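Chains L and R are the protein sequences, given in the same order. Per the working numbering, residue 20 is the first one in the first sequence, and the count goes up by one each step. Per the working numbering, residue 20 is the first one in the second sequence, and the count goes up by one each step. The beta carbon of each residue, even a glycine, is placed where N, CA and C say it ideally should be. From a predicted model like this one, the values you see are computed outputs, not experimental measurements. To start, the structure under review is shown below, and the notes come after it.
Protein chains: 2
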Amino acid sequence: MTSTKWVYAFEEGCAEMKELLGGKGAGIAEMTRIGLPVPPGFTITTQACLHTLENEHEFPTDLWLQVTWAMESLGDRMERAFGSDRNPLLVSVRSGSKFSMPGMMDTVLNLGLNDQAVLRLAEKTGDSRFAWDAYRRLVQMFAKVVLRVDPGLLEAVIAAERSGEGVDTDPELSAEGWQRVTRSFKQIVREQSGREFPQDPWEQLELAVHAVFQSWNGKRAVDYRNACGISHDLGTAVNIQAMVFGNTGWDSGSGVAFTRNPASGEKMLYGEYLGNAQGEDVVSGARTPIPVSELGEEMPEILASLIRIATTLETHYRDMQDMEFTIENGKLWMLQTRTGKRTAAAAVKIAVDMVDEGLIEKAEAVSRILPEQIDQLLHPRFDPRALQELEKSGRLLAKGLNASPGAAVGAVVFDADLAHRMGKEDGKAVILVRPETTPDDVHGMLAAQGILTQHGGATSHAAVVARQLGKPCVAGCEALKIDLERRLFTVNGTTVNEGSVISLDGTEGRVFQAALPTIEPDFEEEKDLQKILRWADGIRKLEVWANADDGPQATRARHYGAEGIGLCRTEHMFLGERTAVFQSAILAAADNNPAEFQRILDEQLLTLQRSDFHDIFRAMDRLPVVIRLLDPPLHEFLPSLEALVEATATLAAKGDTGDEYQEKKRLLSIVQDMHEFNPMLGLRGCRLGIMLPPLNKMQVRAIFEAACDAALEGIDVHPEIMIPLTSHVNELKVIQPLLEEVAQNVMEEKGITISYKFGTMIEIPRAALTAGEIAEMAQFFSFGTNDLTQMTYGISRDDAERKFLLAYVEQCILPKNPFQAIDQIGVGRLMEIAVEEGRAVRPSLEVGICGEHGGEPDSIEFCHRTKLNYVSCSPYRVPVARLAAAHAVVKEQKEKEQLVPA
Amino acid sequence: MTSTKWVYAFEEGCAEMKELLGGKGAGIAEMTRIGLPVPPGFTITTQACLHTLENEHEFPTDLWLQVTWAMESLGDRMERAFGSDRNPLLVSVRSGSKFSMPGMMDTVLNLGLNDQAVLRLAEKTGDSRFAWDAYRRLVQMFAKVVLRVDPGLLEAVIAAERSGEGVDTDPELSAEGWQRVTRSFKQIVREQSGREFPQDPWEQLELAVHAVFQSWNGKRAVDYRNACGISHDLGTAVNIQAMVFGNTGWDSGSGVAFTRNPASGEKMLYGEYLGNAQGEDVVSGARTPIPVSELGEEMPEILASLIRIATTLETHYRDMQDMEFTIENGKLWMLQTRTGKRTAAAAVKIAVDMVDEGLIEKAEAVSRILPEQIDQLLHPRFDPRALQELEKSGRLLAKGLNASPGAAVGAVVFDADLAHRMGKEDGKAVILVRPETTPDDVHGMLAAQGILTQHGGATSHAAVVARQLGKPCVAGCEALKIDLERRLFTVNGTTVNEGSVISLDGTEGRVFQAALPTIEPDFEEEKDLQKILRWADGIRKLEVWANADDGPQATRARHYGAEGIGLCRTEHMFLGERTAVFQSAILAAADNNPAEFQRILDEQLLTLQRSDFHDIFRAMDRLPVVIRLLDPPLHEFLPSLEALVEATATLAAKGDTGDEYQEKKRLLSIVQDMHEFNPMLGLRGCRLGIMLPPLNKMQVRAIFEAACDAALEGIDVHPEIMIPLTSHVNELKVIQPLLEEVAQNVMEEKGITISYKFGTMIEIPRAALTAGEIAEMAQFFSFGTNDLTQMTYGISRDDAERKFLLAYVEQCILPKNPFQAIDQIGVGRLMEIAVEEGRAVRPSLEVGICGEHGGEPDSIEFCHRTKLNYVSCSPYRVPVARLAAAHAVVKEQKEKEQLVPA
């Protein structure tokens with residue numbers, strides 16, 4: 020009978036075993052394997068965790084036996100014994116799942132100590148202060164993590180002791196102080212949990228392992244996984260490792276270091292070190308550490324080792340690493356390594372540099388940049404001139420660490436709940452300001468524009484999470500004095516109340532008391548990004564087009580790399596100062612005055628539209644331009660029913676029934692007549708074109724006059740006329756010949772022939788279901804996935820987000836907001852049907868997408884798999900889409916490679 | 020080389036050759052074949068027509084040669100010669116396509132006459148009046164049909180001649196009179212058509228055949244085919260037949276006769292005869308004929324022959340026949356036979372009688388009743404007591420022929436265009452009143468509730484078409500004096516103006532000057548119908564359920580044969596006097612007062628709903644009852660936004676801002692908050708249930724309390740709870756367990772267990788596309804094809820019918836109104852997907868339809884083919900659906916038989 024192997028010594032694992040050993044366990048095993056100085060230990064597998072959770076918290080058979088053997092073997096190596104009072108083996112217990120979830124899982128240090136062993140430790144090290152400090156840490160962490168005692172109660176004890184001894188920081192506390200603290204801790208444990216702190220080290224271990232397992236299903240962890248889309252079926256491993264101590268004096272300490280600068284990407288050892296401290300002290304941000312580079316002044320050999328190890332690890336993993344280390348009495352120990360999180364700018368620079376260094380291939384570089392990171396790089400920054408002036412004018416409040424780059428403006432808010440409420444629910448811009456952040460604050464950080472902390476360094480919780488979320492963060496801004504009671508902070512004599520607007524410059528670490536203007540990033544200047552995108556262009560198969568309604572937008576789209584215009588919304592050309600003209604046309608039509616209607620079209624709107632189109636054709640020389648004919652219902656261009664009812668009722672009640680009243684009354688009657696209960700499913704799109712043909716004919720004339728004029732000027736034009744809202748092929752059979760005739764007439768008048776297409780939006784479910792018929796008329800399809808989603812899902816977007824859709828997403832009733840990422844099994848199935856059946860009838864059919872999904876990476880991958888010709892998105896999203904389209908190819912190739920035996 | 024056979028002598032054809040020879044040609048051929056007295060002749064095929072129309076009106080090669088041979092052979096048989104002046108062969112030329120289209124196609128009689136032949140005919144018959152009458156008929160018909168001369172000009176000549184001679188009717192006109200008339204006709208032909216009336220009989224024949232061919236594409240014919248769903252690709256045949264004359268004196272005449280009474284179905288020879296007249300005179304209704312039974316007084320042998328022939332034909336065709344005959348100088352000639360049109364009541368009686376007589380099988384009887392005919396039988400009639408009283412009170416205006424049964428009430432309208440405008444476009448009830456009707460009036464007849472004519476008998480155009488359309492008709496009401504100029508009619512001293520309301524009793528042939536109350540038909544008393552429906556029940560596979568919202572409706576549904584309730588709309592239970600209670604609940608919810616909301620639910624609405632459900636369960640003992648949880652958005656129960664804006668604006672303008680204003684203002688703010696741009700796609704159905712669970716919980720409690728109480732009383736209850744508007748299976752995963760828990764609790768409280776199901780509407784496209792997932796939760800599906808059509812087609816029904824949908828159907832952009840008959844390729848495809856994928860996951864899945872399509876025959880056939888378990892429709896449509904479901908089986912079996920070789 021073979022029993023399951025639940026426990027792996029670090030020597031038995033490797034980097035590829037993340038699924039079984041967790042990320043941390045696999046990292047430690049790999050470091051062990053390549054000969055780095057790692058304290059010995061072993062990992063309990065994720066399988067053991069899952070097994071335990073599924074079996075009412077009962078450990079699987081054999082697990083404890085295997086743990087016991089592993090502990091004995093560990094004791095032998097360390098020449099100590101777990102549970103021994105005389106020569107106690109102390110271990111750390113740390114969780115570690117497949118994906119890194121900073122701060123989400125729990126840790127217990129110094130396990131193995133008890134009332135007897137602490138005395139022996141003090142005796143053996145000759146450092147009673149250290150021994151009692153170690154013991155109180157065990158009791159403190161154990162109480163919090165395993166026994167769920169309120170940590171505030173424990174912190175209060177230490178604060179009282181500090182003030183009793185008259186010192187500022189923990190390292191200054193005396194041995195007796197820590198002994199008193201420990202005694203109080205045990206008292207609190209007894210009162211709060213109803214049990215004694217366990218003196219038996221084996222009992223400590225068993226309870227700690229259980230606690231780690233259970234924390235996998237803790238609310239924080241579940242929320243985090245939901246937010247990040249991580250599966251709940253992975254479980255966490257438990258790493259048990261011989262303790263090394265960074266707090267045995269000033270020749271000891273702990274640190275974290277990145278192999279490259281995670282903010283800029285610069286190749287340098289970047290990190291922080293805190294003397295006489297354990298690792299937890301660095302991450303918590305309670306004391307502000309020194310840059311790791313300054314370690315060279317005190318311990319040059321250690322720094323040199325660290326740099327050597329950094330190079331070894333980077334070469335080994337072919338990626339930037341985030342390392343944790345401890346120095347115990349002058350000896351360097353590596354505790355962890357993992358792929359380091361980085362800003363978007365750093366990600367791009369590192370990827371490009373590593374290609375240059377020959378570490379990785381171009382496709383690998385492309386696939387390492389997340390599409391969202393591109394988006395961050397293209398986000399606005401503060402105007403540098405405004406920044407300078409503000410600094411001069413003294414409205415620079417403070418400087419802190421530039422923990423996460425970017426610009427944020429918002430109202431100061433002092434707690435995460437309020438930030439969530441104001442930011443997410445009310446849609447206000449807020450800046451979360453905290454002494455330091457904890458995992459309990461993540462929902463507030465998500466809702467905030469930026470984060471400002473008083474304490475903590477570049478690797479503090481606030482900094483790490485902010486970088487991951489792409490939010491600007493200024494950390495460790497010690498000049499701030501935050502008063503949570505009075506809900507304000509003071510800095511250099513200035514008081515800032517909750518609700519006041521400040522600006523955060525995460526790139527430079529500055530805080531301003533003002534709402535600063537922002538400017539566009541200069542895409543041209545992002546040389547590394549340009550390289551990545553060119554590499555992506557070489558990989559992707561989807562073309563990337565853009566939605567643009569005028570010349571400037573088209574120019575910007577092209578600047579960002581758009582290879583065509585996938586959607587030009589002509590109704591936007593009837594807005595602003597042109598609304599009055601268009602209204603007069605609508606009223607003429609409503610009055611059954613076709614001559615006047617036609618006159619306004621011919622004499623006014625035709626000229627305006629022609630000029631708009633001409634600008635776009637000029638911007639898009641050689642590239643296709645898809646122009647959608649008028650789509651919205653006409654009443655959208657008239658005053659609202661509600662406003663007119665109110666105005667006429669008011670006038671009537673005042674007895675004022677003169678000209679104004681009569682005019683409003685007439686307008687009201689027209690608007691009432693045009694009113695629809697569900698305008699989205701009403702008289703719009705090609706239905707309007709069919710019921711009122713002069714409108715579409717005028718538009719097609721304007722398009723072809725502009726296109727022919729541009730062609731005569733030497734511009735290579737490719738107009739594609741898109742007929743919206745088709746539900747039945749007969750609609751195209753009625754309207755398309757009318758419009759083709761206009762096109763032919765204009766080309767004859769202008770004496771030039773240009774290439775053009777007629778096609779349709781696929782945005783009604785029936786159009787997708789009958790795509791074969793529709794492709795008999797349409798030369799191209801463009802998926803209008805906004806409307807297609809609304810109708811397929813039966814959800815009116817504008818109404819629903821406010822009324823139930825966001826609640827649905829929050830309660831996980833819908834896995835995602837279907838207006839952000841295509842609902843692949845519902846809406847996507849209709850798209851697949853349309854592509855397949857449309858191309859079966861017309862193999863040359865050009866198919867694209869012009870809904871907002873065209874710029875969303877998962878949706879782009881779906882479009883690639885569904886074999887669309889292009890995606891079209893907003894100009895700003897074009898670079899994102901170029902990258903996402905390349906990712907889709909890389910992912911597909913990887914999947915294929917996994918299917919094909921080597 | 021074999022050439023196509025374009026011409027078939029009557030001896031060469033048979034009844035099965037309708038497609039090639041047309042209905043009339045096949046009928047004549049069959050009569051010839053079984054030895055009845057038929058004037059000899061031949062048929063030019065429908066293929067010849069199609070060929071000619073497709074080839075720019077050029078006859079196919081050989082056609083004319085074959086016609087020439089056939090004419091020569093006909094001349095030989097008749098011992099006359101076509102084109103001979105001395106012994107001229109006269110023929111009729113009649114159209115006849117596969118399907119009968121009364122009055123739609125054209126006829127020319129007496130072809131072969133000319134200026135010379137007329138003299139010879141007069142000489143030979145010794146009847147110069149007859150000869151000139153025959154010649155003027157030829158010129159008159161030829162002018163109208165072939166040369167398209169305005170027939171009014173010709174009629175005016177005859178009217179002038181009548182008044183010149185001082186006679187009332189045409190048969191009284193003298194030979195000289197007809198000679199003068201003929202001369203004038205030729206003059207008019209010359210002036211109007213720019214050519215002489217052709218003297219060459221062969222030229223007459225060629226032009227007449229061309230004219231018949233072309234009339235296939237005439238506007239009237241095309242409109243009729245569109246209206247009746249007849250293919251445009253059939254073409255018409257041309258029947259050329261030796262003339263026999265009913266107008267050679269008073270021992271001659273023409274008649275039409277049915278083998279059974281087409282109004283009641285009674286087995287008797289039923290028809291009309293007009294002495295000294297050609298067939299056209301009978302049909303036109305210009306003179307009122309005598310019943311055919313009275314023929315026995317003058318010509319008993321002829322009547323006996325006719326009865327013998329009727330029996331022969333009925334036995335031969337196994338169906339009631341509609342025969343045309345002519346008596347020429349005492350000899351009976353059969354001109355045509357075809358399946359006779361009949362009223363719904365007659366159809367049912369004839370079908371049942373023929374089964375009893377052993378003529379047909381039950382399945383054949385069932386398949387002969389059209390579903391629409393059932394509907395007619397269940398239409399309301401006038402209350403007989405009200406009728407009696409009216410007759411006593413002298414408001415019976417007149418009696419005419421009971422040409423088509425049923426009751427109609429509406430405003431008098433004197434022309435078809437106005438009837439169409441008022442009836443179809445304005446939706447008003449109108450009665451079309453005409454001296455007589457022609458095919459040009461059909462659009463007005465379609466739009467009218469009923470038809471009243473001054474002239475014409477039971478086989479006049481008005482009567483035949485009205486019976487076909489199922490519209491009540493009183494014909495030949497000679498007491499009426501219609502004044503089209505002044506737009507009124509007078510009758511027995513009473514003047515009725517256009518626009519006045521009258522009532523028509525088509526069953527008894529009475530006209531009343533009043534709007535009469537109507538009563539329901541007594542379904543129980545329709546014994547023959549009951550037989551047909553029981554036979555249908557034995558054939559069909561679909562169950563027929565009904566939509567019913569309360570006890571009385573459920574009782575009625577069961578009375579009509581419903582086997583379950585497929586849709587009980589619970590929102591109807593919140594209307595009427597209960598609206599105020601439900602409003603107070605909504606306001607409590609809007610005010611964030613869950614306690615008050617719950618209190619109103621528990622104390623008021625629960626009791627009301629429980630009592631409603633109890634009534635329904637009692638009515639549906641042993642049968643399933645599908646109850647849909649609240650579906651519409653809550654704002655539908657509140658005053659409209661528009662009304663509140665107007666009310667508050669008016670009060671504010673008057674400075675009246677007291678309590679009423681405050682109350683309205685509060686209501687307005689709630690209504691504004693609830694307002695949705697597209698409420699159909701908004702917060703309704705299960706979305707409401709999820710956001711506001713107490714509502715659905717109260718409903719489920721009411722259902723189960725009622726069901727358990729009923730069960731305790733000994734009623735066998737089968738509630739099925741239907742959750743509306745599901746778009747994602749997770750919605751069911753959230754709400755269904757909550758509701759199942761309520762169900763379990765109630766059953767425990769009541770101490771009884773009942774059988775029940777939970778299921779969902781499939782009315783959102785995505786639900787159909789993900790039916791496999793949804794079937795994991797739902798035990799039944801019910802297609803809500805109203806909403807499913809709205810979303811799949813992107814059409815808001817209420818808005819669209821007014822704005823573009825009816826125009827689309829009229830312009831044939833949509834083949835049918837998709838809200839009347841299921842759009843099988845779009846919406847239907849989603850249904851097929853849902854059935855297949857739902858049953859794949861849950862083989863026991865019960866699937867039905869509860870949209871309005873559930874009572875529409877084509878849609879029912881589709882549901883049968885798609886293997887639904889049941890259709891659910893309004894109680895009145897249940898009998899229709901029972902029959903249609905049987906038809907679907909019969910049709911399917913016939914299709915299978917055609918596929919399997921015998």
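Inset, instruction - Determine the chain R residues that contact L648/L at a beta-carbon separation under 8 Å, and present them in chain order. - result: Numbered from its first residue, the first sequence carries residue 648/L at position 629. At a beta-carbon threshold of 8 Å, none of the residues of chain R lie near L648/L; the nearest stands roughly 16 Å away.
Inset, instruction - Spell out whether any CB of chain R is found under 8 Å from the CB atom of R785/L. - result: Mapped onto the first sequence, residue 785/L falls at position 766. The beta-carbon of R785/L is placed less than 8 Å from the nearest beta-carbon of chain R.
Legend entry - Members of the region 799-819 of chain L that neighbour chain R once the beta carbon cut-off is set at 8 Å: Taking a C-beta cut-off of 8 Å against chain R, the contacting residues of the region 799-819 of chain L are D806, Q809, M810, T811, Y812, G813, I814, S815, D817, D818, A819, listed in chain order.
Legend entry - Positions along the region 48-66 of chain R whose CB lies within less than 8 Å of some CB in chain L: Within the region 48-66 of chain R, no residue has a Cβ that lies closer than 8 Å to any Cβ of chain L.
Legend entry - Beta-carbon proximity list for V371/R, same chain, < 6 Å, skipping 5 on both sides: Locating residue 371/R in the second sequence gives position 352, where the first residue counts as 1. Contacts found: D547, K550.
Legend entry - Per DSSP, the bridge partner or partners of W564/R: Counted from its first residue, the second sequence places residue 564/R at position 545. S891/R, per the DSSP bridge assignment.
Inset, instruction - Kindly list the residues whose CB is nearer than 7 Å to the CB of E851/R, restricted to its own chain and excluding five residues on each side of it in sequence; keep chain order. - result: Here residue 851/R refers to the residue found at position 832 when the second sequence is read from its first residue. Excluding positions up to five away in sequence, the list reads T885.
Inset, instruction - Determine the contact status of A15/R and M639/R, defining contact as a CB-CB distance below 8 Å. - result: For chain R, the structure presents residues 20 to 921; residue 15/R sits outside this window and is missing.
Inset, instruction - Consult DSSP for Q340/L and reduce its assignment to one of helix, strand or coil. - result: Mapped onto the first sequence, residue 340/L falls at position 321. Looking at Q340/L - three-state DSSP - the assignment turns out to be strand.
Legend entry - Local conformation of H747/R per DSSP, three classes: In the second sequence, counting from the first residue as 1, residue 747/R sits at position 728. It is coil, neither helix nor strand.
Legend entry - Coarse secondary structure for H76/L, derived from DSSP in three states: Residue numbering aside, residue 76/L sits at position 57 when the first sequence is read from its first letter. Here H76/L sits in coil by DSSP.
Inset, instruction - State yes or no: is the beta carbon of M36/R nearer than 8 Å to at least one beta carbon in chain L? - result: The residue labelled residue 36/R in the question sits at position 17 within the second sequence. Output row for M36/R: interface = no.
Legend entry - Environment of C587/R [buried if 16+ CB atoms lie within 10 Å]: By 1-based counting over the second sequence, the position of residue 587/R is 568. Using a 10 angstroms sphere on the CB of C587/R, the tally of other CB atoms reaches 16 or more, which defines it as buried.
Legend entry - Candidates G873/R, Q623/R, V86/R, P898/R: closest to N888/R by CA position: For this step, residue 888/R is matched to residue 869 along the second sequence. Looking from the CA of N888/R, the closest CA among G873/R, Q623/R, V86/R, P898/R belongs to G873/R.
Inset, instruction - Can you tell me which of R167/R, M160/R, A162/R, R199/R puts its alpha carbon nearest to the alpha carbon of G179/R? - result: Residue mapping note: residue 179/R aligns to position 160 of the second sequence, counting from 1. Reading off the sequence shown, one finds Ala at residue 179/R, where the question assumed Gly. Closest option to A179/R, Cα to Cα, is R199/R.
Inset, instruction - Give the interface partners of P698/L over in chain R, defined as CB-CB distance under 9 Å, in chain order. - result: Residue numbering aside, residue 698/L sits at position 679 when the first sequence is read from its first letter. Against chain R, the beta carbon of P698/L has neighbours under 9 Å at F696, N697, S815, D818, listed in chain order.
Inset, instruction - Could you check what DSSP says for H737/L in three-state terms: helix, strand or coil? - result: Taking the first residue of the first sequence as 1, we reach residue 737/L at position 718. H737/L: strand per DSSP, three-state reduction.
Inset, instruction - Compare the beta carbon distance of A903/R and I879/R with 8 Å and say whether it is the shorter of the two. - result: What you label residue 903/R is simply residue 884 of the second sequence in a count that begins at 1. What you label residue 879/R is simply residue 860 of the second sequence in a count that begins at 1. Yes; because the gap between Cβ atoms is below 8 Å, this pair is in contact.
Inset, instruction - Quick one: using the 10 Å Cβ neighbour count with 16 as the cut-off for buried, is I922/L buried or exposed? - result: Outside the shown range of chain L, which is 20 to 921, sits residue 922/L, and nothing can be said about it.
Inset, instruction - For the region 677-695 of chain R, enumerate the residues whose C-beta is nearer than 8 Å to any C-beta of chain L, in chain order. - result: The region 677-695 of chain R vs chain L, Cβ under 8 Å: E695.
Inset, instruction - Could you pull out every residue in the same chain whose Cβ sits closer than 8 Å to the Cβ of A726/L, ignoring the five residues on either side in sequence? - result: Taking the first sequence and counting its residues from 1, the one referred to as residue 726/L is at position 707. Beyond the five residues adjoining it in sequence on each side, A726/L comes within less than 8 Å, by CB distance, of F632, F636, V736, P738, I773, Y775 in the same chain, given in chain order.
Inset, instruction - Taking 8 Å as the cut-off, decide whether the C-beta atoms of I844/L and T789/R are in contact. - result: Looking up residue 844/L in the first sequence gives position 825. Looking up residue 789/R in the second sequence gives position 770. Yes.
Legend entry - Rounded C-alpha distance that separates K490/R from E383/R: Indexing the second sequence from 1 puts residue 490/R at position 471. Indexing the second sequence from 1 puts residue 383/R at position 364. Separation of K490/R and E383/R (C-alpha to C-alpha, rounded to the nearest whole angstrom) is 26 Å.
Legend entry - C-beta atoms of V563/R and R901/R nearer than 8 Å: In the second sequence, residue 563/R corresponds to position 544, counting from 1. In the second sequence, residue 901/R corresponds to position 882, counting from 1. Yes, Cβ-Cβ distance for V563/R and R901/R is below 8 Å.
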